[in-house]
Amino acid sequence: MSAIRTVVRGAQRRRVSTIVIVAATAMAVTATVLAGLLLAASSAPFANAFAGQHGAHLTAFFDSAKTTKDQAAATASQAGQATGPFPVAATGIRPEGLQGMPFTALRVVGRADPGRDPIDKVSLLSGRWARTTGEIVMARGDLRIAPGTVVSLENGSTLTVVGEARSISQTAQAWVTPDQAAALGQTGWQMLYRYADAGTVAAMTAHQTALGPAAQTQSWLGVRDDAAHRTQLFVPLLTAFGLIGLALAALVIGNVAAGTVASATRRIGVMKALGLTPAQVVRACLVQALIPGMIGAVLGIIAGDLLAVPLTADVADLFGTVPMSVTPWVDALAVVAAVLVIAATAAPAAWRAARLRTVDALAVGRTPLSGRGRLAARLAARSRLPRPLSLGLAQPFTRPARLLAMLLTVAFGTAAATFAIGLASSLRLVQAADQKPATSADVVVYPSRDADGSVPNPGAVIAATPGTGSYYGRGPADITIDGLREAARGTVTTGDASAAGYEMLEGRWYTAPGEAVVTTGFLTATGKHIGDTVTGTGHGPLTLVGEVFDGSANNHLYTDVATLPGLRAPFEWYVKLTPGTDRAAYLQTLTSRNLMAEATRAEGADGTLIVLNSLTALLTALLVSVAALGVLNAVVLDSRDRVHDIGVQKSIGMTPKQTAFMVISSVGVAGLIGGVAGVPAGYLVHHWAVPAMARGAGIRLPDSTIDVFAPTLLLTLALAGLILAAAGALLPAGWAARTRTAVALRTE
Amino acid sequence: MIDVVDVSRRYEGDRAALDHLSLQVAEGECLALLGPSGSGKSTLLNLIAGLDRPTEGSVTVGGTRVDRLGEAAAARYRRATIGLVFQFFNLLDDLTVTDNVLLPAQIAGRPAAGSRRRAHELLETLGIDRHAGAYPGRLSGGERQRVAVARALMNRPPLLLADEPTGALDTASGAEVRKLLIDLHADGQTIVLVTHDEVLAEAVATRTVRLVDGQVAVG
Ligand SMILES: Nc1ncnc2c1ncn2[C@@H]1O[C@H](COP(=O)(O)OP(=O)(O)OP(=O)(O)O)[C@@H](O)[C@H]1O
Ligand SMILES: [Mg+2]
Numbered sequence: 001m002s003a004i005r006t007v008v009r010g011a012q013r014r015r016v017s018t019i020v021i022v023a024a025t026a027m028a029v030t031a032t033v034l035a036g037l038l039l040a041a042s043s044a045p046f047a048n049a050f051a052g053q054h055g056a057h058l059t060a061f062f063d064s065a066k067t068t069k070d071q072a073a074a075t076a077s078q079a080g081q082a083t084g085p086f087p088v089a090a091t092g093i094r095p096e097g098l099q100g101m102p103f104t105a106l107r108v109v110g111r112a113d114p115g116r117d118p119i120d121k122v123s124l125l126s127g128r129w130a131r132t133t134g135e136i137v138m139a140r141g142d143l144r145i146a147p148g149t150v151v152s153l154e155n156g157s158t159l160t161v162v163g164e165a166r167s168i169s170q171t172a173q174a175w176v177t178p179d180q181a182a183a184l185g186q187t188g189w190q191m192l193y194r195y196a197d198a199g200t201v202a203a204m205t206a207h208q209t210a211l212g213p214a215a216q217t218q219s220w221l222g223v224r225d226d227a228a229h230r231t232q233l234f235v236p237l238l239t240a241f242g243l244i245g246l247a248l249a250a251l252v253i254g255n256v257a258a259g260t261v262a263s264a265t266r267r268i269g270v271m272k273a274l275g276l277t278p279a280q281v282v283r284a285c286l287v288q289a290l291i292p293g294m295i296g297a298v299l300g301i302i303a304g305d306l307l308a309v310p311l312t313a314d315v316a317d318l319f320g321t322v323p324m325s326v327t328p329w330v331d332a333l334a335v336v337a338a339v340l341v342i343a344a345t346a347a348p349a350a351w352r353a354a355r356l357r358t359v360d361a362l363a364v365g366r367t368p369l370s371g372r373g374r375l376a377a378r379l380a381a382r383s384r385l386p387r388p389l390s391l392g393l394a395q396p397f398t399r400p401a402r403l404l405a406m407l408l409t410v411a412f413g414t415a416a417a418t419f420a421i422g423l424a425s426s427l428r429l430v431q432a433a434d435q436k437p438a439t440s441a442d443v444v445v446y447p448s449r450d451a452d453g454s455v456p457n458p459g460a461v462i463a464a465t466p467g468t469g470s471y472y473g474r475g476p477a478d479i480t481i482d483g484l485r486e487a488a489r490g491t492v493t494t495g496d497a498s499a500a501g502y503e504m505l506e507g508r509w510y511t512a513p514g515e516a517v518v519t520t521g522f523l524t525a526t527g528k529h530i531g532d533t534v535t536g537t538g539h540g541p542l543t544l545v546g547e548v549f550d551g552s553a554n555n556h557l558y559t560d561v562a563t564l565p566g567l568r569a570p571f572e573w574y575v576k577l578t579p580g581t582d583r584a585a586y587l588q589t590l591t592s593r594n595l596m597a598e599a600t601r602a603e604g605a606d607g608t609l610i611v612l613n614s615l616t617a618l619l620t621a622l623l624v625s626v627a628a629l630g631v632l633n634a635v636v637l638d639s640r641d642r643v644h645d646i647g648v649q650k651s652i653g654m655t656p657k658q659t660a661f662m663v664i665s666s667v668g669v670a671g672l673i674g675g676v677a678g679v680p681a682g683y684l685v686h687h688w689a690v691p692a693m694a695r696g697a698g699i700r701l702p703d704s705t706i707d708v709f710a711p712t713l714l715l716t717l718a719l720a721g722l723i724l725a726a727a728g729a730l731l732p733a734g735w736a737a738r739t740r741t742a743v744a745l746r747t748e
Numbered sequence: 001m002i003d004v005v006d007v008s009r010r011y012e013g014d015r016a017a018l019d020h021l022s023l024q025v026a027e028g029e030c031l032a033l034l035g036p037s038g039s040g041k042s043t044l045l046n047l048i049a050g051l052d053r054p055t056e057g058s059v060t061v062g063g064t065r066v067d068r069l070g071e072a073a074a075a076r077y078r079r080a081t082i083g084l085v086f087q088f089f090n091l092l093d094d095l096t097v098t099d100n101v102l103l104p105a106q107i108a109g110r111p112a113a114g115s116r117r118r119a120h121e122l123l124e125t126l127g128i129d130r131h132a133g134a135y136p137g138r139l140s141g142g143e144r145q146r147v148a149v150a151r152a153l154m155n156r157p158p159l160l161l162a163d164e165p166t167g168a169l170d171t172a173s174g175a176e177v178r179k180l181l182i183d184l185h186a187d188g189q190t191i192v193l194v195t196h197d198e199v200l201a202e203a204v205a206t207r208t209v210r211l212v213d214g215q216v217a218v219g
């Protein structure tokens, strides 16, 4: 096999292109690993996490006043599998030192080591499990308290947070040792059950009933539906990213492999002239493509596993699941996929090289294969463009396959960027809808009490204050609606509350008592439509006159306070000032009249949005880099093939600048067409994925949150393809410009 | 016109390809460089063309210190001053004959109409206008070399450098090129010619210099 070694060694001598091949493969494999993890994490995240923790189908609480420990333990015989009883305590906590803050009520369960329990194997996300009294492990949720924090209890004692954990079955809000639970003032026992038949509501209801009236139970089906609400929002999004990543990685790896073989064609010709058989040629080519490919794949796996740590943590927070550990099978799959793609693309190239007549193979390097691209060359020569530009533009047409691959690479990169930018804008707009009352007013006046406890009427004060333009008041109310199990969360208003500026999905804002505006969630929950009337206690019939978008998936109803005569809601007042009014002075006037008022401000982005944005940024950066490296690799290979021509051009007076310009413009066609094709692709994916995300979460989005692409933005993105390609070509252009002419002319 | 003073060129580690060599060429002269393989003829030509730089010594062409030019300046110098002809033609195979000939003018940014006229004239003069639209791959060696000469002359360079222009040609084609060089020189073209071909040197050159081991051989 010494012949093969000769061919391979030839490749090793071309250090720069070998490094580029390794780097491009490595990045592509990194993208594959991460995309694979995304796809794995996004497929049935709840089911997988639940199975992984051996989750509890039923969580039961027995009041210790009515049920003894033995009685609770005896219920185990009713289930397929059971664990417990664990002592349960209820307590209120707050981080030490925050005296003003109210205590947060927690259901705390005493468990020694959840990993050993057969059901609900809680996963530690950070820190460690509680070992002694005085320690507490928080369940990761809305309330996040970092390990190391000391929390005060209502009874005056303190606990130290030592870890954060997640139970997919949501069996507790915090955990302590069993001794500590007893010390906190035990209120009852917790039992966890698993059943062979747990898939239907009927079956679960039967199991709940069998436990007797003393048990307070929580079914896994409810937990699952809550999770689905959360999860479905992001599944289409992450799936789209995963698929784009996989396609781009395959494209780049394939292109790298085919290019490696193509650039070895001339050496293959020499080897054939010396007696290498076609079979040997194919084998040599495969080995040559696979060696840097394998090195790159290994580096890519390492990088992918490192990046997977923050990525899977982000994804787990989005899904409310546990981060997937670095999974050997995703790694293995990525390597196998990379090798297969390399072999699949290198083999045809190798086969072509093997079948090429030796004389033709020998001529390669000086001559582009056959007469392809001549029309482009002729047209370019006729054009009035500067010659280095027209030479560069015509160049890729001699290798249509490589041109197509580069074009697709740029298109994928541009599509990913377009999608990511659109997604970020959509999410920002959805988030902004939530903040409409604040952003559409200048001043907010909070409810306050006079010393004698009576609620003053801020409305009258505001109306009498100079500078007030328009104002309205709003306050929370629970509104019972016939047909809904729980009261709908509502907002009652006084004055012209349409000034809040919520976007209407359908219908109009209410103008009279007895009319109401509701969210999509309300319509889904009640099965009503705009125009229908709903009834309930505490109010007369309510006509639904409009469907409003307030950025949430909640079941929510807005109506005039006069609709609910008995209600005394604490109002917040939103004031729009007349133009030219000094806000600070205005606030001072209100304060002097005993009102608590401040300038409106939008709250910062919420945690989910931050996680999602950082995730999107990470994936986009990766995909764009992979695309740029793909272009870089293609240009390096191309410049190698053309090094002799470049020498000739330099010998007749082409300056380094002109040479660099020529090489960069050789990616112009691919950059421009790739960008122009990638933008609509990214646009379509965005227009599919974002509404799908919202539908999954039970939200209907107004068109304004989906049509986020201004024409100038689209144009800029299309040109970004050109910039991406040019960025990829920059380094090789510099190398080509620096090539010593005398050396290039000697090169064969 | 050419003034090479005490020039050495060493490649890494190796012995000198050129070793303290000095040489003058006057305007209108046709100098033939002879010498065994590896004696440094191509190296010297590269130095004069500004394709390479000497390790020591100076190369002056038409008043320009070629050895001190940067890459970009050297490229502009070549455009204006040098026409190069190689043993293996070095035509660009994906361009037609005309486009190959036009290339130096286009790279230099000369007006298109004038360049086309000039290219057409050159092809006519050199007897290859029949092949103007053809690709180099289809031409015979002699024809290709005439295209290469046409390209070298495109920008009317004061100095024509030819490195074994007949080295890859059969006797008949070699004779065509020889005749061409004689005619050019008769029109006043300054030429430096590297060759193994004694007949060619005899027929064209006004002076012959023999290189041995990177030095001018005496006698
Ligand atoms: N780029 C290079 N790197 C190292 N050595 C070189 C390089 N170019 C030329 N040489 C060496 O310099 C010496 C002179 O080479 P040059 O090409 O000038 O010879 P030449 O007289 O043109 O020979 P020939 O008649 O065979 O073309 C040779 O020994 C050659 O090996
Ligand atoms: Mg030589």
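Residue numbers (UniProt numbering), protein chains in the order written: chain D, 1 to 748; chain E, 1 to 219.
In this text, a Cβ means the ideal position worked out from N, Cα and C, and glycines have one as well.
Take the Cβ of lysine 66 of chain D as the centre, count every other Cβ of all protein chains shown within 10 Å, and call the residue buried at 16 or more, exposed below. So lysine 66 of chain D counts as exposed.
Could you compute how far the alpha carbon of isoleucine 48 of chain E sits from the alpha carbon of valine 631 of chain D? For isoleucine 48 of chain E and valine 631 of chain D, the distance between alpha carbons rounds to 37 Å.
Compile a chain-ordered list of the residues in the region 425-441 of chain D whose CB is closer than 9 Å to at least one CB of chain E. Result list empty, no residue passes.
Glycine 365 of chain D CB to nearest chain E CB: under 8 Å? Residue confidence for glycine 365 of chain D is low, a pLDDT of 47 falling below 50, so the modelled location carries little weight and cannot support an answer.
Using only the heavy atoms of ligand 1, determine whether one of them is closer than 7 Å to the beta carbon of alanine 73 of chain E. The closest heavy atom of ligand 1 lies 7 Å or more from the beta carbon of alanine 73 of chain E.
Over the uninterrupted alpha helix (DSSP H) stretch that includes glutamate 143 of chain E, give me the two end residues. Element bounds for glutamate 143 of chain E: 141-153.
Between arginine 428 of chain D and phenylalanine 549 of chain D, what straight-line distance do the alpha-carbon atoms span, to the nearest angstrom? Whole-angstrom Cα-Cα distance: 14 Å.
Compute the minimum distance between the beta carbon of threonine 345 of chain D and the heavy atoms of ligand 1, and state whether it is under 7 Å. Not under cutoff, so the answer is no.
Alpha carbon to alpha carbon, how far is valine 518 of chain D from threonine 578 of chain D? Whole-angstrom Cα-Cα distance: 30 Å.
Can you tell me whether isoleucine 610 of chain D is buried or exposed, with buried defined as 16 or more other CB within 10 angstroms of its CB? Burial is judged here by how many other beta carbons sit within 10 angstroms of a residue's own beta carbon; isoleucine 610 of chain D has fewer than 16 and is exposed.
Given that alanine 175 of chain E touches chain D, what residues does it touch there, using C-beta distances under 9 Å? Residues of chain D passing the Cβ test: none, with the nearest at roughly 26 Å.
Grab me the residues of isoleucine 82 of chain E's own chain with a C-beta within less than 7 Å of its C-beta, minus the 5 sequence neighbours each way, in chain order. In its chain, beyond the 5 residues on either side, Ala49, Pro157, Leu159 and Leu161 have a beta carbon closer than 7 Å to the beta carbon of isoleucine 82 of chain E.
Run through DSSP, which three-state label would glutamine 53 of chain D get? In the structure shown, glutamine 53 of chain D sits in a helix (DSSP, three-state: H, G or I).
For glutamine 190 of chain D, the residue or residues it bridges with in DSSP: Paired residue(s): D/Phe61 and D/Phe86.
Under 8 Å between C-beta atoms of glycine 678 of chain D and glycine 521 of chain D: Contact: no.
Helix, strand or coil: how does DSSP classify isoleucine 481 of chain D here? It is coil, neither helix nor strand.
Mind listing which residues of the region 185-211 of chain E have their C-beta closer than 7 Å to chain D's C-betas, in chain order? The residues in question: there are none.
By the three-class DSSP mapping on this structure, what secondary structure does tyrosine 574 of chain D have? Tyrosine 574 of chain D: strand per DSSP, three-state reduction.
Could you check whether the Cβ of arginine 117 of chain E sits closer than 8 Å to any Cβ belonging to chain D? The Cβ of arginine 117 of chain E sits no closer than 8 Å to any Cβ of chain D.
Does the region 279-296 of chain D touch the region 339-346 of chain D, meaning 3 or more C-beta pairs lie closer than 8 Å? Verdict: yes, contact present.
Is lysine 650 of chain D near ligand 1 - that is, is its Cβ less than 7 Å away from at least one heavy atom of it? No, the beta carbon of lysine 650 of chain D sits no closer than 7 Å to any heavy atom of ligand 1.
Please look up how many angstroms separate the CB atoms of alanine 597 of chain D and valine 445 of chain D, rounded, as I've assumed it's under 8 Å. Alanine 597 of chain D to valine 445 of chain D, Cβ: 4 Å. Contact.
What residues of chain D sit near threonine 96 of chain E, judged by a beta carbon separation below 9 Å? Ordered by position in chain D, the residues that pass the 9 Å Cβ test against threonine 96 of chain E are Arg374, Ala377, Arg378 and Ala381.
Would you kindly check if the distance between the Cβ of leucine 672 of chain D and the Cβ of leucine 722 of chain D is under 8 Å? Their beta carbons are under 8 Å apart, which means leucine 722 of chain D touches leucine 672 of chain D by this criterion.
From this set, D/Tyr502, D/Ala139, D/Gly188 and D/Ala718, which residue's C-alpha is nearest threonine 171 of chain D's C-alpha? Here the closest residue by C-alpha is D/Ala139.
Which residues mark the beginning and the end of the alpha helix (DSSP H) in which tyrosine 135 of chain E is found? Here tyrosine 135 of chain E belongs to no alpha helix (DSSP H), and DSSP marks it neither H nor E.
When DSSP builds the beta bridges, which residues end up paired with serine 8 of chain E? Answer by DSSP bridge pairing, in chain order: E/Glu56.
Are the C-beta atoms of glycine 734 of chain D and some chain E residue less than 8 Å apart? Not one chain E Cβ lies under 8 Å of glycine 734 of chain D.
Using only the heavy atoms of ligand 1, determine whether one of them is closer than 7 Å to the beta carbon of serine 173 of chain E. Short note on serine 173 of chain E: C-beta not closer than 7 Å to any heavy atom of ligand 1.
How would the residue list near ligand 1 read, in chain order, if you kept each one whose beta-carbon is closer than 5 Å to any heavy atom? After applying the 5 Å Cβ criterion, the set is E/Tyr11, E/Ala17, E/Ser37, E/Gly38, E/Ser39, E/Gly40, E/Lys41, E/Ser42 and E/Thr43.
Aspartate 331 of chain D to isoleucine 301 of chain D, Cα distance in whole Å? C-alpha separation (whole angstroms): 6 Å.
Cut-off 7 Å between Cβ atoms - residues of its own chain near glutamate 29 of chain E, not counting five sequence neighbours on either side: Cβ neighbours of glutamate 29 of chain E beyond the five flanking positions: Thr190, Thr206 and Arg207.
Residues of chain D with CB under 7 Å from leucine 51 of chain E, in chain order? Within chain D, the residues near leucine 51 of chain E are Ser651, Thr741 and Ala742.
Taking 7 Å as the cut-off, is the C-beta of aspartate 163 of chain E nearer than that to any heavy atom in ligand 2? Yes, since a heavy atom of ligand 2 falls inside the 7 Å radius drawn around the Cβ of aspartate 163 of chain E.
DSSP state of alanine 516 of chain D, grouped into three classes? DSSP places alanine 516 of chain D within a strand segment (E or B) once states are collapsed to three.
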